[in-house]
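Participant: In order, the protein sequences belong to chains A and B.
Here this note's numbering is used: the first residue of the first sequence is 61, the next is one more, and so on.
Here this note's numbering is used: the first residue of the second sequence is 10, the next is one more, and so on.
This is the structure, below, for whatever I ask next.
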Amino acid sequence: MTARQMAAAVAGIERAGAYYLFTLTEPGLGADFRPGQFAAVAVGGEQTSMLLRRCFSIHRADSDVMQLVIAGHGKGTRWLVRQAVGAVLDVVTPLGRPFPLPAIDPALPAHARAAPTPATGSAVGGSAAAALGAPPPATGSAAGRSAAAPDPVRSACVLVGGGYGSAPLFALSDRLQARGHPVHFVLGAATKDRLFGVDQAKAFAASVTVMTDDGSAGRQGLVSDALPGLLTANAAETVYACGPMGMLYAVTEIATAAGVRAYCAVEESMACGIGVCMTCVLPVVWPDGRTRMTRSCTDGPVFDGSLVRWSDVGTVPADCVGAMGLGA
Amino acid sequence: MTEIRSGHGADHRRRGDANGRRPTGHPEHTYDSGSSGAVVDMTTSLAGVELPNPVMTASGCAAAGRELDQVFPVDELGAVVTKSIMLAPRAGRATPRMAETPSGMLNSIGLQGQGIDQLCASDLRWLRDRGARAVVSIAGGSVEEYAKIAGRLGDEISRSGTEGAKDGAIALVEVNISCPNVEDRGQVFACDPVAAGAVVEAVRAELPGRVPVFAKLSPDVTDVVSIGRACVAAGADGLSAINTLLGMVIDVDSMRPALAGLTGGLSGPAIRPVAVRCIWQLHAALPDVPIIGVGGIKTGLDALELVLAGASAVQVGTTIFHDPGAPIRVLAELTDALAARGFARFTDCVGHAHHIVRSPHEGHPHPDLSDEGGPHASRFGPNGPSTQRGEPT
């Protein structure tokens, strides 16, 4: 993986319900992108008083174009969505670990990575490479398939998106379908205008289930209400999810109960996006069985959901390595 | 893992280096200034340790340099300052740990870290193998903990044979005294001259004499000079100024404090005037004590301001979060700024502003721009400094 700091031009900003579809262009911008990775964008211009980059999961990208989905609720994102076409932004991308694809994807052997690659990271980063990949108990069906003899009948995948958290699932869906996996979407939001990508999904997915809190679109309820039935009906073997922490927690519980692996992209707030500031941490179980406060930028944002201590996010669990002696 | 390469930054990071040469590698550590073509000797000396240039990372803003090495070669910096390390592994605070503020941010990380043994076994060895000079920042909850960490570090220095100014050496130790003393109701060491001195004395005693000890001072005190004096009297070879200021943000939507830890350390360009003031006061009171200036540096001209106030080296911190290539860009910009002002040597500029201002009552006389005799005057033409201020080109 190679991330670069680039000057990218705004090519388009379109309304998409409550959100904005934000398109950037620059030669090579999306060349190394893999679904689940993110971009860190500087906001406010050269004399900005907003020091922290804004991080967005990448909706779609090809070699010269990258699309992000931006809510425009904060002052930094409001500045972004008010930019004119042609404005040049400072973008660092692609960052973070992508969604591992089932079976023959090169990302999957990352599970088996025993040691950090030489040029990369700290002990934390390196070990978490293994943490991300520790095979969960009882499943591992996808991992078990040989790259040399791929199963001609691909297992179904269920993609769960909450609000604009669905953004990174579309590039993922493209890759899964290209490899022959039937893809089923579950898209949920509080209201109809806060859904993202329903029409896109309907154009190519095997099925699309829409859930809203108020029933203004699809069925009334939560994505987690729809998930168990979908897993069973389609004999799904992998769930991919992105959205609020509470949703990811529920998705992981349902998937684990069904013996299905859940890969979750977390939306922790980040300051640097490159692994140096230690603000975006959450409690994750490592291969040695111990919990460490783990960076979501470089060790995530995609985690095996069964390894994240969802109910402890926002806290430092008492059994976390180094949890004693808080003070400084 | 992710490699981050400098793309468009390459031109501004090494601004004006038309031949594509990096501002390093010269045997005498002189650096070509792209804008003027002049050559500036950027060497600096900190309590007997000579560094090829005065620009470092700031503690807690660069981990141990590995991530930034994917953006620029960290051995090109004067030194990499590692995140403050404690004796044992430490999980840090709950999240949220960060809040953006105007031209700055609050952090409440809580010194998450792997502990001194793991630092020695992994990151310090990586820095040594990489040929980068390390400044090791240490933190503790008691005088005894500081002493134990320093002892482990002393063992590592003796064992590895790295000390002094050699590439890959532990150049010096920076003592982060902005920690609560668990044995004194959480009173912060840096806010009490006796406690600060006790920490410095204990650390100094555990380290080889040739490894300088710098105490990093907090600006959250009534008289920073009195704390600085106490540290020097206790054996500090130099001072780092400043640490973060304690601040707080309340989220007006949730109507609760934004940080899980309630308060946090304020850093970034917002605090630069406080850093300049503290460095100025310390250098005026202790002119023979080397100072590492830190606080709010975003550009080479910001760094110059701290140098003019009396800093013999500078650290770039929070700005890294905005621009991961900032430290090496600041080095290039500082080199240019010195050349533009006619300095042949970085060290000639240290504390230079004190030479011009004689007393507060005399105002702030400006150098005569037509005078070609003084180093400050030689390149100040009508198109000189005014076109430089704040240019992130």
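Even glycine gets a Cβ: it sits at the ideal position worked out from N, Cα and C.
Just so it is clear, the structure is predicted and the values come from calculations on it, not from any experiment.
1. What is the DSSP secondary structure of Thr-344 (chain B), reduced to helix, strand or coil?
2. Quick one: is Met-264 (chain B) buried, meaning 16 or more other Cβ sit within 10 Å of its Cβ, or exposed?
3. Return the CA-CA distance between Phe-116 (chain A) and Val-48 (chain B), expressed in angstroms with no decimal places.
4. Compute the distance between the beta-carbons of Ser-321 (chain B) and Leu-55 (chain B), then report whether it is under 8 Å.
5. Cβ of Ala-148 (chain B) within 8 Å of Cβ of Met-95 (chain B)?
6. Verify the CB distance criterion: does His-331 (chain B) have a CB-CB separation below 8 Å to chain A?
7. In its own chain, which residues sit with a C-beta less than 6 Å from the C-beta of Val-373 (chain A), not counting the 5 before and 5 after it?
8. To the nearest angstrom, report how far apart Gly-225 (chain A) and Val-325 (chain B) are at their CA atoms.
9. Which residues does DSSP list as the beta-bridge partners of Ile-337 (chain B)?
10. Taking Cβ-Cβ distances shorter than 7 Å, what residues in chain B pair up with Cys-380 (chain A)?
11. Name the two residues that bound the continuous beta strand (DSSP E) containing Leu-257 (chain B).
12. Could you please give the first and the last residue of the uninterrupted beta strand (DSSP E) stretch that includes Val-341 (chain A)?
13. In chain B, what lies closer than 8 Å to Leu-111 (chain A) by C-beta?
14. What's the gap between the Cα of Gly-281 (chain A) and the Cα of Ile-314 (chain A)?
15. Can you tell me whether His-364 (chain B) is buried or exposed, with buried defined as 16 or more other CB within 10 angstroms of its CB?
16. Starting from Gln-260 (chain A), follow the alpha helix (DSSP H) in both directions and report where the run begins and ends.
17. To test your reading of the DSSP string, which unbroken beta strand (DSSP E) runs of 3 or more residues are found completely within the stretch 151-205 of chain B?
18. Let me make sure I understand the geometry here. Which of B:Cys-188, B:Thr-328 and B:Gly-309 has the alpha-carbon closest to that of Gly-119 (chain B)?
19. Gln-260 (chain A): buried (16+ other C-beta within 10 angstroms of its C-beta) or exposed?
20. Could you tell me if His-244 (chain A) is buried or exposed, where buried requires 16 or more neighbouring beta carbons within 10 angstroms of its beta carbon?
21. Would a C-beta distance cut-off of 8 Å place Ala-99 (chain A) and Leu-128 (chain A) closer than the cut-off?
22. Note down, in chain order, each residue of its chain lying with its Cβ closer than 6 Å to the Cβ of Ala-180 (chain B), except the 5 sequence neighbours on either side.
23. On a CA-only basis, which of B:Ser-169, B:Val-152 and B:Leu-295 is nearest Val-203 (chain B)? Give me that one, please.
24. On the DSSP bridge list, what partners appear for Glu-409 (chain B)?
25. Determine the burial state of Met-51 (chain B): buried for a count of at least 16 other Cβ atoms within 10 Å of its Cβ, exposed for fewer.
26. Going by DSSP, what residue range makes up the beta strand (DSSP E) through Ile-147 (chain B)?
27. What span of residues does the beta strand (DSSP E) with Cys-240 (chain B) cover, start to end?
28. Could you tell me whether the Cβ of Val-376 (chain A) comes closer than 8 Å to any Cβ of chain B?
29. Measure the alpha-carbon distance for Gly-134 (chain A) versus Arg-114 (chain A) and round it to whole angstroms.
30. Would a C-beta distance cut-off of 8 Å place Gly-221 (chain A) and Gly-303 (chain A) closer than the cut-off?
31. Quick one: is Arg-149 (chain A) buried, meaning 16 or more other Cβ sit within 10 Å of its Cβ, or exposed?
32. Rounded to whole angstroms, what is the Cα-Cα separation between Val-152 (chain A) and Pro-228 (chain B)?
33. Our contact map puts Leu-290 (chain A) next to Thr-269 (chain A) with C-beta atoms below 8 Å; I'd like the distance itself, whole angstroms only.
34. Helix, strand or coil, according to DSSP, for Leu-77 (chain B) in the structure here?
35. Chain B beta carbons: is any one of them nearer than 8 Å to that of Ser-329 (chain A)?
36. Counting only Cβ pairs nearer than 8 Å, list the residues of chain B close to Met-353 (chain A).
Facilitator: Working from what's here:
1. helix
2. exposed
3. 43 Å
4. yes
5. yes
6. yes
7. Met-305 and Leu-342
8. 34 Å
9. Per DSSP, none; premise fails for Ile-337 (chain B).
10. Ala-100
11. Reading the sequence as shown, one finds Met at residue 257 (chain B) and not Leu. From DSSP, the beta strand (DSSP E) with Met-257 (chain B) extends over 254-257.
12. 341-345
13. Glu-109, Ser-112, Gly-113, Met-114, Gly-277, Pro-278, Thr-327, Thr-328, Phe-330 and His-331
14. 16 Å
15. exposed
16. 258-264
17. 179-185
18. B:Cys-188
19. buried
20. buried
21. yes
22. Val-58, Ala-88, Arg-142 and Val-144
23. B:Val-152
24. Nothing about residue 409 (chain B) can be read from this structure; chain B reaches only from 10 to 402.
25. buried
26. 143-147
27. Looking at the DSSP string, Cys-240 (chain B) is not in any beta strand (DSSP E); the run it does join, the alpha helix (DSSP H), is 233-242.
28. yes
29. 10 Å
30. yes
31. Residue identity check: residue 149 (chain A) is Leu in the sequence provided, not Arg. That one is buried.
32. 33 Å
33. 7 Å
34. helix
35. yes
36. Ala-100, Gly-101 and Gln-121
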